[in-house]
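So this note's numbering is basically just the index in the sequence shown, starting at one, shifted up by 678. Don't be surprised by glycine CBs; every beta carbon is placed ideally from N, CA and C. In this text the structure is predicted, and so the values were computed from the model without any measurement.
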Amino acid sequence: MVNNYPNPYIIGSLIDKPEKFFGRDSLFRFIEDNLRQRVQLILLHGQRRIGKSSVLVQIPKKVAQDQFVFVNFDFEGHINKSLSYI
């Protein structure tokens, strides 16, 4: 029997619309719990093309916005600059 269900995962582009992003609720609970506990570093790592950048874009949409301020900064293009300059 052939499965005719469309693949809900989008390959190749950043997922910035919350309605197209799903399946990571436990990750967002983990992030929010760590933010509430004032953990100083949360490391998001994984293989290429697994959705790390999409998760970063979704954090402000999925985590309590009234309690945290999120700042997005892309370090790409700043690799040769000192941290004090950035």
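Just to confirm my understanding: we take V741, look at its own chain, exclude 5 residues before and 5 after, and list those with CB closer than 7 Å. What are they?
As a first step, residue 741 must be located in the sequence shown, where it is residue number 63. So the list reads F706, I709, E710, L713, once near-sequence residues are dropped.
So the candidates are G690, G701, P684, Y683; which of them puts its Cα closest to the Cα of Q736?
Here residue 736 refers to the residue found at position 58 when the sequence shown is read from its first residue. For the residues G690, G701, P684, Y683, the minimum Cα distance to Q736 belongs to G701.
Residue from I764, N682, D744 with nearest C-alpha to D752:
On the sequence shown, position 74 is the one that residue 752 refers to. Looking at the Cα atoms, I764 is the closest of the given residues.
Just verifying my parser: in three-state terms, what is the DSSP assignment at V717?
Looking up residue 717 in the sequence shown gives position 39. Annotated three-state conformation of V717 is coil, per DSSP.
Going by other Cβ atoms of all chains shown within 10 Å of its Cβ, with 16 needed for buried, is G729 buried or exposed?
The residue labelled residue 729 in the question sits at position 51 within the sequence shown. Classification for G729: buried.
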